[in-house]
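Only one structure is covered here, and it is reproduced in the block below.
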Amino acid sequence: CSPNLQSLAYRVLTSGTNNCSCRHQKNVWKLCDFVRTKRTAPLEQLFVVFISNDNRMVPLWKQKSGHGDQPVIWDYHVVLLQAELQSEALIYDLDTELPFPCSLKLYSAEAFRSDRHIRPEYHRKLRVVPADSFLLNFASDRSHMKNPDGTWKMPPPPYPPIHTAESHMNLDDFISMDPAVGWGTVYGLRQFLHRYTGNASSSSLSAAAASR
Numbered sequence: 027c028s029p030n031l032q033s034l035a036y037r038v039l040t041s042g043t044n045n046c047s048c049r050h051q052k053n054v055w056k057l058c059d060f061v062r063t064k065r066t067a068p069l070e071q072l073f074v075v076f077i078s079n080d081n082r083m084v085p086l087w088k089q090k091s092g093h094g095d096q097p098v099i100w101d102y103h104v105v106l107l108q109a110e111l112q113s114e115a116l117i118y119d120l121d122t123e124l125p126f127p128c129s130l131k132l133y134s135a136e137a138f139r140s141d142r143h144i145r146p147e148y149h150r151k152l153r154v155v156p157a158d159s160f161l162l163n164f165a166s167d168r169s170h171m172k173n174p175d176g177t178w179k180m181p182p183p184p185y186p187p188i189h190t191a192e193s194h195m196n197l198d199d200f201i202s203m204d205p206a207v208g209w210g211t212v213y214g215l216r217q218f219l220h221r222y223t224g225n226a227s228s229s230s231l232s233a234a235a236a237s238r
């Protein structure tokens with residue numbers, strides 16, 4: 027792990043009002059943008075990982091909002107993956123009780139655990155998007171942070187909404203686990219672990235991957 031990336035990740039993602047579990051995709055966007063601007067680490071080593079499924083119900087263990095050994099059921103969750111050729115892959119997740127950053131192997135064993143012992147509707151899928159593609163394409167107008175009456179569920183971050191020339195809101199394309207839409211590559215949990223750790227023993231789920 028790059029010491030610069032580790033310290034910068036924690037500083038950037040915990041500064042001000044950015045540290046909020048409901049803003050995890052924006053936290054990761056801010057970190058990727060900081061790395062791109064300051065060149066503190068090779069951007070090609072970084073990948074944004076959206077964790078969800080077709081039912082938008084995915085369990086993760088060792089989350090700060092969990093109770094005891096009970097998992098938190100997310101509609102989706104977003105973490106940053108750092109994958110270097112000569113080093114162990116790392117996960118940056120501000121919502122975990124595990125080390126920051128955490129080796130993917132430890133995160134797999136403690137946070138993902140296995141799909142073998144949970145019902146199919148809770149099986150995890152992962153959309154892995156290269157950081158440069160995420161920065162180029164992600165857009166959010168924050169409409170998902172509002173109540174039906176238009177009030178905020180929580181105060182919005184102080185910086186402007188993230189948008190591109192083509193879109194002001196495409197969050198659903200990143201959360202979607204349909205490989206025919208969005209950016210990056212969609213994996214089943216087993217396939218993801220095999221790709222980035224070389225060991226898929228912590229899950230029995232297998233699914234096709236497709237990239238765009």
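For the sequence shown, this note's numbering begins at 27 and goes up steadily by one.
Positions of the beta carbon are idealized from the N, C-alpha and C atoms, including for glycine.
Taking all protein chains shown into account, do 16 or more other C-beta atoms lie within 10 angstroms of the C-beta of residue i, making it buried, or fewer, making it exposed?
i: L31; result: buried
i: R65; result: exposed
i: K52; result: buried
i: M203; result: buried
i: S33; result: exposed
i: Y118; result: buried
i: K90; result: exposed
What are the boundary residues of the alpha helix (DSSP H) that includes residue i?
i: V61; result: H50 to K64
i: S159; result: A157 to N163
i: T177; result: Counting along the chain, T177 falls outside any alpha helix (DSSP H), and DSSP gives it neither H nor E.
i: T243; result: Given that the chain is displayed from residue 27 to residue 238, the structure contains no residue 243 and the question cannot be resolved.
Have a look at the options and flag the residue whose alpha-carbon is nearest the alpha-carbon of residue i.
i: F164; options: V54, S33 and A35; result: V54
i: E147; options: G214, H220, N225 and P174; result: G214
i: H103; options: L116, H93, A115 and D121; result: D121
i: P186; options: L86, S166 and E70; result: S166
i: V155; options: H220, G210, L124 and T63; result: G210
i: H50; options: P97, V74, R82 and G92; result: V74
i: V105; options: A67, C58, M180 and R82; result: C58
Short check: CB of residue i to CB of residue j, under 8 Å?
i: R153; j: F76; result: yes
i: D101; j: S78; result: yes
i: R150; j: V212; result: no
i: T223; j: A115; result: yes
Could you check where the beta strand (DSSP E) with residue i kicks off and where it finishes?
i: L86; result: V84 to L86
Practice problem: Indicate whether the contact test is met: 3 or more Cβ pairs, each with one atom in the stretch 142 to 151 and one in the stretch 109 to 126, closer than 8 Å. | Solution: no
Quiz item: Are three or more beta carbon pairs between the stretch 153 to 162 and the stretch 121 to 133 nearer than 8 Å?
Solution: no
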